[in-house]
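Encoded as structure tokens, the structure appears first; notes follow it.
2 protein chains.
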Amino acid sequence: MTKHFRYTLQKQDGQARLGVFSTPHGDIHMPAFAPVGTQATVKTLTPAEVRHLGAELVLANTYHLYLRPGADRVQRFGGLHNFMGWDGPILTDSGGFQVFSLSNLRQVDIDGVTFKSHLDGSRHRFTPEKVMEIEAKLGADIIMCLDECSEPTDRAYNEAALQRTHIWAERCAAHQQRPHDQALFGIIQGGIFPDLRLQSAAFLARLDLPGYAIGGLSVGETKAEMYRTLDVLMPAIPADRPRYLMGVGAPDDIVEAVARGVDMFDCVLPTRIARNGAIFTRHGRVNLRNARFADDPAPLEAGCDCYTCTHFITAYVHHLIRAKEILGLRLTTLHNLRFLQRLMAELRLHIAAGSFDDFRQAFLADYLAAKQSEGRT
Amino acid sequence: MTKHFRYTLQKQDGQARLGVFSTPHGDIHMPAFAPVGTQATVKTLTPAEVRHLGAELVLANTYHLYLRPGADRVQRFGGLHNFMGWDGPILTDSGGFQVFSLSNLRQVDIDGVTFKSHLDGSRHRFTPEKVMEIEAKLGADIIMCLDECSEPTDRAYNEAALQRTHIWAERCAAHQQRPHDQALFGIIQGGIFPDLRLQSAAFLARLDLPGYAIGGLSVGETKAEMYRTLDVLMPAIPADRPRYLMGVGAPDDIVEAVARGVDMFDCVLPTRIARNGAIFTRHGRVNLRNARFADDPAPLEAGCDCYTCTHFITAYVHHLIRAKEILGLRLTTLHNLRFLQRLMAELRLHIAAGSFDDFRQAFLADYLAAKQSEGRT
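Line by line, the protein sequences are chains A and H. Numbering follows this note's numbering, in which position 291 of the first sequence is assigned residue number 292; successive positions increment by one, without gaps. Numbering follows this note's numbering, in which position 4 of the second sequence is assigned residue number 5; successive positions increment by one, without gaps.
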């Protein structure tokens with residue numbers, strides 16, 4: 002690790018960790034949630050708004066940016082930071098997940114994966130080396146190894162995919178272009194199978210990478226299976242590196258994962274549900290399209306300090322969503338992302354104070370009790 | 002006129018007028034362009050952003066708000082200013098234009114117009130009295146008489162419609178609910194027929210209203226016909242009242258209308274073309290979807306002080322528009338509305354300085370020369 006990519010553990014409370022990960026574009030205070038900017042924009046928001054929410058790290062998708070506008074073009078404009086106007090840390094995924102979830106006619110072999118673009122059907126191939134070159138051009142602070150995300154409960158598929166994922170990780174590490182200013186994270190796979198997960202963690206640990214991600218969760222397994230997998234896996238990940246749970250963003254999952262030692266999250270959930278009119282509250286998820294909000298004179302959530310809650314009443318946001326107005330999507334997006342940033346700040350506060358588990362129990366009691374209530378989506 | 006609704010003519014240069022119209026929610030410096038917030042939001046923007054653009058007046062549509070969320074609901078939340086969070090002047094139109102352009106199965110008679118909602122097919126009826134009640138509930142600073150907007154070149158239709166428009170204007174004036182804090186403007190109709198226009202101006206002048214609008218232009222006639230109509234009509238409108246050209250927002254039309262004495266404009270054009278990826282520049286309209294912008298490292302328009310031009314390169318905005326990202330629509334909307342606010346400020350400056358006609362000729366030479374060029378939409 003260079004000086005840029007130092008993980009400093011500041012405090013541990015149970016398994017929950019308070020820490021800081023330094024990058025060339027600034028520090029990331031952990032546990033951290035990264036909003037997703039798939040196409041070099043956190044949907045509906047300006048970079049200044051994302052910053053104002055308290056987010057320190059933004060994720061962008063290699064698969065999407067490789068197809069459009071193209072990695073060479075982004076590089077010519079000085080990399081993603083310049084192109085999208087975000088001067089904080091950026092993480093790019095490897096494109097693997099999207100190849101397996103979005104593209105057509107993918108053919109995977111031990112050397113890489115061939116796929117058709119979801120945009121125009123054109124044919125492309127990702128190998129570990131190709132992905133390292135693309136991610137170097139995009140220029141994020143944290144880059145991810147090419148991996149294969151399997152159906153989490155299919156044992157035979159996971160065994161075969163894991164072999165490819167490990168070979169690809171070795172090749173990514175060997176072919177990394179910019180180790181001085183890009184941190185390459187490995188991705189632990191293995192579905193819901195404890196022995197495969199432990200085997201994957203051990204294999205990747207030997208590569209001595211500056212961070213480790215847990216892939217292939219929150220993709221179809223139950224919450225209990227996800228938590229059980231984390232229980233087994235987390236102690237096997239090097240404690241002096243940040244541990245990143247990919248694609249998880251439900252508030253209860255974040256709290257449970259932090260309780261098990263996870264440091265980083267990203268997910269499209271807060272922004273995607275926002276565009277469907279749904280918001281996070283301490284008492285569960287609520288869909289603002291519901292007619293009962295048409296006459297609600299209160300802010301979306303009492304006590305919330307987000308721009309939406311401090312400027313508009315629920316009835317107005319309901320109207321905007323019903324009327325399909327873009328401002329409605331902006332306002333729910335701002336609320337949901339601020340909700341998660343406030344949650345992360347509270348988690349950090351309670352870890353620092355040694356009161357994490359009390360907070361966890363109180364939070365989950367409020368959040369999950371409401372799961373059964375009428376307003377929840 | 003109450004003290005609230007005083008029009009002060011500060012300077013005249015040729016026929017172009019520099020003036021101020023005072024309202025209960027602040028002064029409007031004229032010539033002024035009002036962004037359109039059809040459904041109680043200027044599409045894609047927050048009220049703070051609209052204010053930051055330099056806009057002083059915002060228009061909202063009575064037809065849309067009457068159907069959704071409903072005038073009673075807006076009234077319960079303290080009127081449009083409170084509901085949408087805009088504390089500056091607001092103007093509501095009468096709904097007449099939308100009844101004739103958007104709704105189905107309208108039946109007009111001397112007493113009013115029956116129509117079906119474009120949302121759900123439900124049946125509604127607007128009479129002058131009903132519209133005055135709706136506009137009182139919405140609570141805008143400037144409200145408009147119910148009128149009938151005819152096909153501008155159909156003489157017989159215009160004669161019949163004009164009779165209704167005049168009777169309706171009298172009934173609106175008689176039934177106005179809040180003359181102390183709402184200014185009722187009359188709408189001059191008559192298509193492209195000079196005698197009908199003059200007859201309409203004379204009729205409405207006798208009602209001694211605090212402002213006069215010119216309706217039924219920019220709806221299908223040629224630009225030459227529009228300018229000729231203004232040539233005939235403008236001298237017939239009371240000089241001590243603001244003169245409002247409804248639905249006109251093309252930069253060249255604004256300059257030509259100001260040259261003829263128009264004080265106010267509104268139009269969906271800048272926001273609508275923005276959402277199609279088109280922007281105003283001093284050298285004509287440009288469509289950013291064009292592939293030649295994929296590698297353009299310059300701002301949208303050199304010298305522009307808008308948020309978009311001061312923060313992002315054209316290649317990025319092009320990418321956002323191609324990728325159907327909402328931020329792209331926000332950025333083009335901000336540019337176009339700022340373009341018009343800057344244009345209005347320059348018009349006011351040149352009227353004050355007595356150099357209006359020089360500016361007009363220079364502006365039109367640049368703007369219209371580019372009409373023939375490749376990039377224009």
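Glycine included, every Cβ here is placed at the ideal spot set by N, Cα and C.
Measuring alpha carbon to alpha carbon, tell me which of A/Leu210, A/Arg331, A/His167 and A/Ile280 ends up nearest A/Leu46.
-> The residue from A/Leu210, A/Arg331, A/His167 and A/Ile280 with its alpha-carbon nearest to that of A/Leu46 is A/Arg331.
If we cut at 8 angstroms on Cβ distances, does H/Tyr213 have a partner in chain A?
-> No, no contact with chain A.
Based on the DSSP secondary-structure assignment, which residues constitute the bridge partners of A/Ala184?
-> Answer by DSSP bridge pairing, in chain order: A/Ile143.
Could you tell me the distance, in whole angstroms, from the CA atom of H/Val43 to the CA atom of A/Tyr228?
-> Rounded to the nearest angstrom, the two C-alpha atoms are 45 angstroms apart.
CB contact check: A/Ala56 to chain D, cutoff 8 angstroms | Any reference to chain D falls outside this structure, whose protein chains are A and H.
Listed from N- to C-terminal order along the chain, which residues in the stretch 68–92 of chain H have their beta-carbon within a distance smaller than 8 angstroms of any beta-carbon of chain A?
-> The stretch 68–92 of chain H vs chain A, Cβ under 8 angstroms: Arg69, Pro70, Arg74, Arg77, Phe78, Phe84, Met85 and Gly86.
Looking at the structure shown, is A/Ala316 part of a helix, part of a strand, or coil, going by DSSP?
-> Note: A/Ala316 maps to helix in three-state DSSP.
Thinking C-beta only, is H/Gly285 closer than 8 angstroms to H/Ala371?
-> Yes; because the gap between Cβ atoms is below 8 angstroms, this pair is in contact.
In whole angstroms, what separates the C-alpha of A/His5 from that of A/Leu60?
-> If you take the alpha carbons of A/His5 and A/Leu60, they lie about 18 angstroms apart.
Look at the Cβ atom of H/Ala324, then the Cβ atom of H/Phe294, and state whether they are nearer than 8 angstroms.
-> It is not a contact, given that the beta carbons lie outside the stated cut-off.
Taking Cβ to Cβ, would you say A/Leu246 is nearer than 8 angstroms to A/Ala258?
-> A contact, by the Cβ cut-off of 8 angstroms.
Any idea which residues DSSP pairs H/Tyr8 with across the strands?
-> The bridge partners DSSP lists for H/Tyr8 are H/Phe22.
Where do the ends of the alpha helix (DSSP H) carrying A/Gly79 lie?
-> In this chain, A/Gly79 is not harboured by any alpha helix (DSSP H), its DSSP state being neither H nor E.
Helix, strand or coil for A/Thr166 per DSSP?
-> In the three-state reduction of the DSSP assignment, A/Thr166 falls in the helix class, which pools H, G and I.
Quick one: is A/Ala316 near chain H, going by C-beta distance under 8 angstroms?
-> Taking Cβ atoms only, chain H reaches closer than 8 angstroms to A/Ala316, which makes this a yes.
Give the single residue among A/Val37, A/Gly355, A/Phe78 and A/Pro252 whose Cα lies nearest to the Cα of A/Val269.
-> Comparing Cα-Cα distances from A/Val269 to each of A/Val37, A/Gly355, A/Phe78 and A/Pro252, the minimum goes to A/Val37.
Would you mind reading off the limits of the alpha helix (DSSP H) that contains H/Met227?
-> For H/Met227, the enclosing alpha helix (DSSP H) covers residues Lys224 to Leu234.
Straight-line gap, H/Cys1 to H/Pro180 (C-alpha atoms, nearest Å) | With chain H covering 2 to 378 only, the question about residue 1 of chain H has no answer from this structure.
Neighbour list for H/His312 in chain A, Cβ cutoff strictly below 7 angstroms = Here the neighbours are Gly86.
What is the DSSP secondary structure of A/Met345, reduced to helix, strand or coil?
-> Note: A/Met345 maps to helix in three-state DSSP.
Are any of the Cβ atoms in chain H nearer than 8 angstroms to that of A/His5?
-> Not a single CB atom of chain H sits nearer than 8 angstroms to the CB of A/His5.
Once you ignore the five residues that flank A/Leu301 on each side, which residues in its own chain have a CB closer than 7 angstroms to its CB?
-> Non-local beta-carbon contacts of A/Leu301 in its own chain, meaning distances under 7 angstroms to residues more than five positions away in sequence, involve Ile280, Thr309, Cys310, Thr315, Val318 and His336 in chain order.
Interface residues of chain H facing A/His125 [CB-CB closer than 7 angstroms] = Ordered by position in chain H, no residue passes the 7 angstroms Cβ test against A/His125, which lies about 17 angstroms from the chain.
If you compare alpha carbons, which of H/Ala184, H/Leu231 and H/Ala175 is closest to H/Pro195?
-> Each of H/Ala184, H/Leu231 and H/Ala175 was checked against the Cα of H/Pro195, and the nearest Cα belongs to H/Leu231.
Mind checking if H/Thr42 is an interface residue toward chain A, Cβ cutoff 8 angstroms exclusive?
-> Yes, H/Thr42 lies at the interface with chain A (some Cβ there is under 8 angstroms from its Cβ).
Which residues bound the beta strand (DSSP E) around A/Gly212?
-> Segment Gly212 to Ile215, the beta strand (DSSP E) holding A/Gly212.
Decide if the stretch 249–257 of chain H is in contact with the stretch 334–349 of chain H; the criterion is three or more beta carbon pairs, one per stretch, under 8 angstroms apart.
-> Enough Cβ pairs lie closer than 8 angstroms, so yes.
Ignoring anything shorter than 3 residues or poking outside the stretch 44–105 of chain A, list the beta strand (DSSP E) runs there in chain order.
-> The qualifying runs are 59–61 and 91–93.
Straight-line gap, A/Arg377 to A/Val287 (C-alpha atoms, nearest Å) = Reliability of the predicted coordinates at A/Arg377 is poor, the pLDDT of 38 falling under 50, and the value obtained from them is presented with this limitation in mind. In a straight line, the C-alpha of A/Arg377 is about 5 angstroms away from that of A/Val287.
Figure out for me which residue from H/Ile352, H/Ser118 and H/Arg361 has the closest Cα to the Cα of H/Leu19.
-> Between H/Leu19 and the set H/Ile352, H/Ser118 and H/Arg361, the nearest pair of CA atoms involves H/Ile352.
Chain A within 8 angstroms of H/Pro195, Cβ atoms only = No, H/Pro195 does not count as interfacial toward chain A.
Apply the 10 Å Cβ neighbour rule to H/Pro153 and answer buried if 16 or more other Cβ atoms are within range, or exposed otherwise.
-> With 16 or more other Cβ atoms from the protein chains shown falling within 10 Å of its own Cβ, H/Pro153 counts as buried.
Inter-residue Cα distance where the pair is H/His312 and A/Ala354 = If I take the Cα positions, the gap works out to 40 angstroms.
Can we say the stretch 134–151 of chain A touches the stretch 92–106 of chain A, given the rule of at least three CB pairs closer than 8 angstroms?
-> Flag = yes, the stretch 134–151 of chain A and the stretch 92–106 of chain A touch.
Local Cβ density within 10 Å of A/Lys224, reported as buried at 16 or more and exposed below that = If you draw a 10 Å sphere on the C-beta of A/Lys224, you find fewer than 16 other C-beta atoms in it, and that means exposed.
Leaving out the 5 sequence neighbours to the left and right, which residues in its chain are closer than 6 angstroms to A/Ala17 when beta-carbon positions are compared?
-> The beta carbon of A/Ala17 is closer than 6 angstroms to those of Val259, Ala260, Ile352 and Phe357 in its chain, skipping five residues each way along the sequence.
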